[in-house]
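Residue numbers (full-length UniProt numbering): 1 to 542.
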């Protein structure tokens with residue numbers, strides 16, 4: 001059993017109370033050293049000059065007997081919401097149907113959260129939830145998440161802090177603004193979240209792709225890039241931030257094992273860089289049995305970094321609902337203060353309705369143990385979905401001509417499978433191997449052809465190229481088309497000229513997964529199977 005909320009401090013229950021994780025941490029943190037991180041050398045110009053809102057600072061002076069004539073906060077009497085009721089599922093579910101894979105009990109009203117406009121007996125009411133809130137988030141969720149983070153990650157230093165966010169994409173963009181300037185270089189995996197690539201581009205950042213292998217981002221490649229930076233980028237500042245998706249990686253599905261995480265952290269320590277740990281799939285680490293929580297056995301970068309050089313992003317999007325637009329960030333207090341200042345003058349705070357809905361669910365209805373139980377059931381559901389898709393791929397893509405051109409790996413977490421398609425039979429290798437640009441153009445055509453043929457057969461699969469980090473030219477610029485001038489498959493497929501497709505098993509039913517892979521197999525055979533008496537046609541590289 002985890003500590004009860006009553007054991008970890010008292011709620012202030014006022015409008016936008018200033019709060020901190022320090023109020024709710026277990027006693028053991030008083031004995032741990034501080035992180036010692038000096039963030040001044042990492043801050044961007046925006047991060048250095050931005051200050052918290054002076055108007056919001058005045059809220060700190062507001063007491064229970066004080067009458068406010070200072071803030072432009074509407075009276076709760078004007079809110080046209082009197083009561084809200086939430087009916088929640090039970091976390092005590094242990095099975096799901098083979099065909100539909102719906103979690104049994106998902107429609108059962110096992111818990112009810114009723115929130116009134118003004119309820120002095122409640123820990124939170126609508127007058128609080130619908131008003132302007134504290135920029136780090138409500139004290140109720142900060143309290144709950146402090147216990148959760150202490151149990152799941154147990155950060156090895158004392159001065160960590162929690163900040164609620166609008167989800168990981170929003171938090172990632174804020175991190176870039178806080179710690180990079182336009183023209184700065186950022187280290188990323190060679191394949192990565194396409195939204196990050198697009199956000200970084202809009203901010204004028206230059207991405208530096210780091211090679212990957214079967215265990216994820218490669219520490220030797222990372223170390224080599226940083227160790228030889230001045231040899232190839234004279235006069236240009238070295239990257240100070242690494243962005244990584246360590247669990248159920250998007251798009252490859254790779255989960256970095258413990259030894260790889262430690263190796264990457266060692267390189268980060270050696271070269272004094274920050275790690276932005278974007279980990280929305282952490283809780284979708286597949287359990288080996290129906291009873292265990294396997295994610296608890298795999299330490300996060302946050303749990304490993306004694307120096308506090310990790311900014312960890314968690315989200316409710318993959319474990320509760322994406323429309324909540326709610327997540328949380330954990331990092332040293334000095335780093336979180338930069339997010340607080342950014343929230344004060346921009347994002348403000350996450351939706352109060354989302355915060356009260358989530359608090360009523362995971363705290364008052366489920367509790368900590370119930371939340372962990374839900375996460376384990378959810379991860380088991382995704383494990384079975386992944387198994388259904390992999391079995392269908394083996395049946396439909398593992399025979400005939402496709403057995404020689406299609407390959408994929410087992411995954412341990414997340415919601416994606418990375419399908420590699422060897423395209424060498426469609427290329428005139430004698431010409432294209434001599435010309436990287438021609439090879440690239442041909443592979444782009446093949447990728448587009450596969451995508452369109454799959455659509456014609458009635459299945460949608462994501463192209464791999466939007467997830468590929470743009471490569472750098474000799475001048476440090478990004479290629480005009482934003483895609484690699486080399487093969488679309490590099491470190492994950494050096495031995496073959498390949499394109500990739502990202503397949504997801506997150507939402508389709510079991511029968512539809514099998515049907516979709518069957519349609520994809522037909523599309524691939526339409527392209528790669530020679531017509532009677534003909535050789536497989538080569539794709540034009542012009």
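All C-beta atoms, glycine included, are put in the ideal place defined by N, C-alpha and C.
Close beta carbons around residue i, own chain, < 7 Å, minus the five adjacent residues each side
i	result
residue 298	258, 285
residue 522	457
residue 527	449, 450, 453
residue 477	Annotation note: pLDDT 36 at residue 477 (below 50); position unreliable, coordinate value reported separately. Once the five neighbours on either side are set aside, residue 477 has no close Cβ partner at all.
residue 382	284, 286, 415
residue 20	161
Simplified DSSP assignment, three categories, for residue i
i	result
residue 272	coil
residue 144	helix
residue 514	helix
residue 132	coil
residue 315	strand
residue 323	helix
residue 500	strand
residue 206	strand
residue 520	helix
residue 157	coil
residue 362	helix
residue 124	coil
residue 348	coil
residue 278	strand
residue 52	coil
residue 463	strand
residue 304	helix
residue 70	coil
residue 114	strand
residue 249	coil
residue 330	strand
residue 200	helix
Exposure of residue i, with buried meaning 16 or more beta-carbon neighbours within 10 Å
i	result
residue 121	exposed
residue 452	exposed
residue 266	exposed
residue 300	buried
residue 355	buried
residue 138	buried
residue 85	exposed
residue 75	exposed
residue 288	exposed
residue 239	buried
residue 507	exposed
residue 140	buried
residue 167	buried
residue 394	exposed
residue 28	exposed
residue 373	buried
Contacting residues, own chain, Cβ-Cβ under 6 Å from residue i (five flanking each side not counted)
i	result
residue 363	144
residue 50	341
residue 314	327, 328
residue 252	191, 418
residue 254	216
residue 463	447, 451
residue 149	330
residue 348	none
Nonlocal neighbours in the same chain, by C-beta distance under 8 Å from residue i, ignoring five residues either side
i	result
residue 205	176, 180, 182, 183, 184, 185, 186
residue 564	Look at the range of the chain in this structure, 1 to 542, and you will see that residue 564 is not part of it.
residue 119	125
residue 352	128, 129, 130, 131, 133, 138
residue 483	Any reading at residue 483 is ruled out, since the residue's pLDDT is 39, under 50, leaving its predicted position unreliable.
residue 401	525, 528, 529
Where the beta strand (DSSP E) through residue i begins and ends
i	result
residue 215	No beta strand (DSSP E) contains residue 215, which DSSP labels as neither H nor E.
residue 85	83 to 88
residue 160	160 to 165
residue 416	416 to 422
residue 471	Where residue 471 is concerned, there is no enclosing beta strand (DSSP E), given that its DSSP letter is neither H nor E.
residue 243	241 to 244
Anticipated Cβ contact below 8 Å, residue i with residue j, distance rounded
i	j	result
residue 53	residue 384	Going by Cβ atoms, the distance from residue 53 to residue 384 rounds to 48 Å, so no, they are not a contact pair.
residue 91	residue 380	Residue 91 to residue 380, Cβ: 12 Å. No contact.
residue 241	residue 276	6 Å
residue 397	residue 358	With a Cβ gap of about 40 Å, residue 397 and residue 358 do not count as contacting.
Bounding residues of the alpha helix (DSSP H) (the contiguous stretch that carries residue i)
i	result
residue 187	Residue 187 -> not in any alpha helix (DSSP H); beta strand (DSSP E) instead, spanning 185 to 189.
residue 443	436 to 457
residue 179	168 to 179
residue 193	From DSSP, residue 193 is part of no alpha helix (DSSP H); its letter is neither H nor E.
residue 374	367 to 397
residue 333	333 to 342
residue 230	229 to 232
residue 402	401 to 405
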